[in-house]
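These notes are about the structure you will find just below.
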Amino acid sequence: MAKLTINKNTMKTTKFLFSAITCLIVGLNTQAQRTDRFVNLGGTGTQVTVNGGVSFPDKTAELQNLINTNKKNIKLNGNMTLGEIALSSNVHIDIKKGVVIKLKTTNGRGLMFRGGKEVTDAAIENVKIYCSECSTLPSDNNKSAERYTIDMSSGTPDENCNFVSFGKVTNFSLSQFYVIDNYTKINAITLATNVKDNTATGDVWTRSYTVQAAPTQGDIKLGYLKNGHVGYGLLQVQAAKNVNFHNLTSQGGVSLRLESGSTIAVVPTTEGSAANMDNLEGYNIVGINGWSAVTLSPHGRRHGAISLKNITAIGCSSAIRIIGGFQDRDVEGLPNFPTAKYKRGNFGSVTITGTIKHTYGTTAQLEGRDFSYFPQSLIKNKTLEQVFPKAAPYIAPFDGADARINTPSIATVLYFSKDSAAASPRDIDGQYSVNLTGATLEKPGFNSCIPTTIYANDKNKICSSTSKFSIDYDETALDTKREIFSFETLDNTISVSTKVITIHLTKDSNIIIYNSIGKTIKTVIASAGITEINASNFANGIYIVSIQQEGNIIKKKIIL
1 MAKLTINKNT MKTTKFLFSA ITCLIVGLNT QAQRTDRFVN LGGTGTQVTV
51 NGGVSFPDKT AELQNLINTN KKNIKLNGNM TLGEIALSSN VHIDIKKGVV
101 IKLKTTNGRG LMFRGGKEVT DAAIENVKIY CSECSTLPSD NNKSAERYTI
151 DMSSGTPDEN CNFVSFGKVT NFSLSQFYVI DNYTKINAIT LATNVKDNTA
201 TGDVWTRSYT VQAAPTQGDI KLGYLKNGHV GYGLLQVQAA KNVNFHNLTS
251 QGGVSLRLES GSTIAVVPTT EGSAANMDNL EGYNIVGING WSAVTLSPHG
301 RRHGAISLKN ITAIGCSSAI RIIGGFQDRD VEGLPNFPTA KYKRGNFGSV
351 TITGTIKHTY GTTAQLEGRD FSYFPQSLIK NKTLEQVFPK AAPYIAPFDG
401 ADARINTPSI ATVLYFSKDS AAASPRDIDG QYSVNLTGAT LEKPGFNSCI
451 PTTIYANDKN KICSSTSKFS IDYDETALDT KREIFSFETL DNTISVSTKV
501 ITIHLTKDSN IIIYNSIGKT IKTVIASAGI TEINASNFAN GIYIVSIQQE
551 GNIIKKKIIL
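Position 384 of the sequence shown, counting from 1, maps to 384 under UniProt numbering, and the rest follow consecutively.
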């Protein structure tokens with residue numbers, strides 16, 4: 001019979017986890033200041049102010065006119081609505097602390113700031129969007145009052161919405177933003193290159209393409225996003241060089257998504273080096289209740305060097321997801337496909353150091369393709385729908401991914417670009433290695449049979465020798481309100497065997513059992529001592545046992 005013991009020392013530790021997000025970010029404040037790549041040349045001229053108001057007036061035309069008439073130093077003061085603003089060189093926009101800027105949308109779609117995004121756009125340089133009054137502490141990332149807010153909640157789930165989209169931009173800085181998303185597609189911030197089709201006729205692989213410059217030399221830092229789409233999130237880098245990504249958090253989706261995109265899929269692998277990533281640094285990246293904190297996915301490009309340090313996930317599917325290269329659907333399988341020109345991509349060098357930590361939770365976002373990496377006692381001979389019913393689908397499923405919310409975490413690192421730890425990567429198959437020797441991998445709350453790192457060939461093999469087990473549950477992941485409970489005097493145990501839940505109570509208690517979507521399944525008033533609950537009529541799956549004792553609450557996750 002598997003047994004979970006909650007003792008006094010554990011409770012002392014657990015109560016601090018309720019403020020894990022805050023404590024985590026506060027701890028980051030003691031880290032040495034990272035060196036910026038952006039060279040602050042300063043927005044020139046007297047500062048000009050755009051004033052908003054409580055009714056969120058549309059200030060798109062006024063701001064665009066200032067930029068077009070060579071005003072470089074601009075202050076946004078007061079709440080307002082903005083549509084698509086085309087930035088130009090040397091423009092610095094200082095947004096007042098506490099201001100809320102709503103995204104102007106059409107049919108649920110919208111873009112707020114663009115720079116060198118289109119093929120016909122001019123290349124620009126020395127661009128900055130920031131808040132001179134806002135805190136520079138990472139611990140304030142999740143406090144909208146200490147940031148300016150970009151409100152994209154008018155966007156329709158699964159439609160395209162952006163805060164910033166950069167292409168031909170050199171020397172840039174984005175900082176101190178708090179983004180409210182609505183599970184929209186195309187990350188809040190995108191960095192990509194532009195591809196000009198010089199032929200426009202014939203099969204895509206026979207045409208001539210010109211790949212224009214990608215974002216170069218910049219910083220994106222001190223940012224937070226809430227309500228991120230499972231396949232998107234805060235930031236996607238399709239192409240960029242010499243850029244820092246520091247102190248970024250996404251609640252939902254992916255915080256830092258280093259993934260080639262469809263805009264360059266038709267460009268042959270060995271052509272158009274501007275379409276690649278190189279010399280990028282991610283530091284103190286946090287994912288909360290999403291897919292992962294960091295994702296690496298090269299598609300059909302051969303990228304350069306990536307450096308990652310201190311990656312944290314709380315209640316996600318993984319902290320880091322490493323995906324092998326593949327041939328994009330834009331070119332794969334077409335008649336006479338020239339495999340000599342289009343290869344599966346990779347990253348030439350990925351170095352991961354510092355602490356890579358994933359705290360287990362049951363509030364992760366899941367794509368159906370990851371289902372086979374859950375423990376066998378949970379999924380063997382079952383379908384995704386049986387284990388995670390349609391009652392809790394993801395709010396914005398896309399491209400048939402069969403996504404879900406409120407699912408268990410899978411592992412700290414999903415290393416899908418290699419078959420196993422000992423295997424050599426096969427370049428022809430888009431496999432590649434990452435350097436983890438300088439990293440400390442942690443998995444608090446995970447069952448001991450779940451490895452810290454899961455590889456591609458671990459499919460349908462996780463915890464295959466364990467028939468029944470419960471997983472220690474971290475309350476911070478489930479309890480989004482983060483109430484503070486005291487566990488100082490509690491010493492209780494919960495165990496599960498053949499559909500009998502046995503609970504040893506130190507005091508009279510109210511026991512509530514919830515299923516994985518939060519529905520109350522059973523309520524029991526129990527006296528101190530041993531209480532056995534018959535679970536023979538419970539469907540197999542995940543449950544939360546909540547024990548309430550004199551104002552104190554314990555929550556534990558079990559699997560039947």
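Where is the CB? At the ideal position from N, CA and C, for every residue including glycine.
Nearest CA to the CA of residue i: which residue from the options?
| i | options | result |
| --- | --- | --- |
| residue 159 | 153, 184, 179, 275 | 184 |
| residue 562 | 247, 55, 531 | With the chain covering 1 to 560 only, the question about residue 562 has no answer from this structure. |
| residue 408 | 67, 364, 371 | 364 |
| residue 403 | 381, 38, 253 | 253 |
| residue 362 | 438, 291, 346 | 291 |
| residue 530 | 545, 513, 508 | 508 |
| residue 532 | 197, 511, 548, 189 | 511 |
| residue 545 | 536, 124, 524 | 524 |
| residue 220 | 37, 410, 350, 437 | 37 |
| residue 271 | 211, 149, 233 | 211 |
| residue 180 | 206, 149, 208 | 149 |
| residue 172 | 213, 218, 201, 229 | 218 |
| residue 133 | 94, 125, 436 | 94 |
With a threshold of 6 Å on Cβ separation, who are the neighbours of residue i within its own chain once the five nearest residues in sequence on each side are excluded?
| i | result |
| --- | --- |
| residue 47 | 73, 75 |
| residue 215 | 166, 169, 191, 240 |
| residue 77 | 49, 51, 96 |
| residue 119 | 194, 196 |
| residue 245 | 220, 256, 282 |
Use the C-beta contact count for residue i: other C-beta atoms within 10 angstroms, 16 or more gives buried, fewer gives exposed.
| i | result |
| --- | --- |
| residue 484 | A caution first: residue 484 carries a pLDDT of 22, below 50, which makes its placement in the model unreliable, though a value can still be read off. Burial call: exposed. |
| residue 321 | buried |
| residue 503 | buried |
| residue 367 | buried |
| residue 41 | exposed |
| residue 556 | buried |
| residue 187 | buried |
| residue 427 | exposed |
| residue 540 | exposed |
| residue 346 | buried |
| residue 65 | exposed |
| residue 329 | exposed |
Here's a check: name, in chain order, each residue in its chain whose Cβ is nearer than 7 Å to the Cβ of residue i, leaving out the five neighbours to either side.
| i | result |
| --- | --- |
| residue 154 | 102, 103, 105 |
| residue 378 | 387, 559 |
| residue 60 | 82, 83, 85, 104 |
| residue 548 | 509, 510 |
| residue 249 | 141, 142, 224, 255, 286, 288 |
For residue i, name the three-state secondary structure that DSSP assigns.
| i | result |
| --- | --- |
| residue 118 | coil |
| residue 362 | coil |
| residue 62 | helix |
| residue 113 | strand |
| residue 133 | coil |
| residue 561 | Outside the shown range of the chain, which is 1 to 560, sits residue 561, and nothing can be said about it. |
| residue 468 | Note on residue 468: pLDDT 46, under 50, position unreliable in the model; the coordinate value appears next. DSSP places residue 468 in coil when its eight states are reduced to three. |
| residue 257 | strand |
| residue 139 | helix |
| residue 561 | Any property of residue 561 remains undetermined from this structure, which presents the chain solely from 1 to 560. |
| residue 275 | helix |
| residue 562 | Because the chain here runs from 1 to 560, residue 562 falls outside it and cannot be looked at. |
Rounded to whole angstroms, what is the Cα-Cα separation between residue i and residue j?
| i | j | result |
| --- | --- | --- |
| residue 237 | residue 304 | 13 Å |
| residue 543 | residue 156 | 32 Å |
| residue 162 | residue 88 | 18 Å |
| residue 327 | residue 416 | 16 Å |
| residue 109 | residue 176 | 24 Å |
| residue 519 | residue 513 | 8 Å |
| residue 343 | residue 430 | 8 Å |
| residue 423 | residue 457 | 10 Å |
| residue 283 | residue 311 | 7 Å |
| residue 131 | residue 137 | 13 Å |
| residue 151 | residue 53 | 15 Å |
| residue 460 | residue 382 | 11 Å |
| residue 440 | residue 135 | 30 Å |
| residue 121 | residue 268 | 24 Å |
| residue 226 | residue 91 | 28 Å |
| residue 243 | residue 128 | 14 Å |
| residue 433 | residue 324 | 10 Å |
| residue 178 | residue 526 | 45 Å |
| residue 521 | residue 385 | 19 Å |
| residue 200 | residue 126 | 33 Å |
Contact criterion: CB-CB distance below 8 Å. Does residue i meet it with respect to chain C?
| i | result |
| --- | --- |
| residue 190 | Looking for chain C here will not work: only one protein chain is present. |
What does a CB cutoff of less than 8 Å around residue i pick up in its chain, not counting 5 residues either side in sequence?
| i | result |
| --- | --- |
| residue 370 | 317, 410, 414 |
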